[in-house]
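Asker: Residue numbers for the sequence shown follow this note's numbering, so the first one is 96 and each next one is one higher.
C-beta: ideal position from N, C-alpha, C; glycine also.
Sharing a structure, written as structure tokens. Questions coming.
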Amino acid sequence: MNEDLLTKSGIADALGTNPMRVTRFVDRNKINAVKKEGKRELFKLTQFNVLKEELNAPESKKDAQSHGFSKDDYISTLKQQLKEQKEQYEQVVASKDETISSLKATIATSQHAYDDMKDQLAVKDKQISSLTKLTNNAQTLNLVDKDPKRLQAAHSDAETKPEGTSSEKKVDNHSSNEKKHWWQRLGGNK
Numbered sequence: 096m097n098e099d100l101l102t103k104s105g106i107a108d109a110l111g112t113n114p115m116r117v118t119r120f121v122d123r124n125k126i127n128a129v130k131k132e133g134k135r136e137l138f139k140l141t142q143f144n145v146l147k148e149e150l151n152a153p154e155s156k157k158d159a160q161s162h163g164f165s166k167d168d169y170i171s172t173l174k175q176q177l178k179e180q181k182e183q184y185e186q187v188v189a190s191k192d193e194t195i196s197s198l199k200a201t202i203a204t205s206q207h208a209y210d211d212m213k214d215q216l217a218v219k220d221k222q223i224s225s226l227t228k229l230t231n232n233a234q235t236l237n238l239v240d241k242d243p244k245r246l247q248a249a250h251s252d253a254e255t256k257p258e259g260t261s262s263e264k265k266v267d268n269h270s271s272n273e274k275k276h277w278w279q280r281l282g283g284n285k
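In structure tokens:
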């Protein structure tokens, strides 16, 4: 009885077709295996008489030939697929190059903006320094204006310094004669 039982591959060989067609026939017609040995399903060849008739019909032979591919067909199909993949790859690379160029331009623009901001900050720092000095001077003047004693002290210092006592003037005149250079003394003897 085991001699009559075949696997799907064995049935395909016996009928002169491929195992996939046998599998589809089994699934479509819901044919149950007669026996299972592990993962292998065993069938009787007689269960596939309908398939045998389909395969022998003249229109199914034409259909099988139209669906059949030669090695050259596979090779040309694979070449076409490789060509399409290469074109896609080149498009991806070109897109990445454009993105990189765009990012470089953005970085350059950002660097320029950063440098401009640094220059503006330097100008701002100078302005703040100048304003701080002006504010300090204004506060000092405001304090002098509000405190009359400071104002009087500032006036009295200014009045006493340019004038001096008469004794100081005499000492200054006398000391200036002694401090003349030799050429000044020669000119004074005339």
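When you compare only the Cα positions, how much space is there between M212 and V188?
Answerer: So the two alpha carbons sit approximately 36 Å from each other.
Asker: Got a sec, what are the start and stop residues for the alpha helix (DSSP H) F120 sits in?
Answerer: Per DSSP, F120 belongs to the alpha helix (DSSP H) from 114-124.
Asker: If we count the other Cβ atoms within 10 Å of its Cβ and call it buried at 16 or more, is T112 buried or exposed?
Answerer: Answer is buried; the Cβ neighbour count reaches 16.
Asker: When the Cα atoms are used, what is the spatial distance from R123 to L146?
Answerer: Computed Cα separation, rounded: 11 Å.
Asker: On the CB-based measure, 16 or more other CB atoms within 10 Å of its CB, does A107 come out buried or exposed?
Answerer: Classification of A107: buried, given that the 10 Å Cβ count is 16 or more.
Asker: State the CB to CB distance for the pair L137 and T102, rounded to an integer number of angstroms; the pair is presumed to be in contact (CB under 8 Å).
Answerer: Indeed they touch by this definition, with Cβ atoms about 6 Å apart.
Asker: Do the CB positions of D99 and K139 come within less than 9 Å of each other?
Answerer: Yes; because the gap between Cβ atoms is below 9 Å, this pair is in contact.
Asker: Can you grab the Cα-Cα spacing for the pair K178 / S190, in whole Å?
Answerer: Taking the straight line from one Cα to the other gives about 18 Å.
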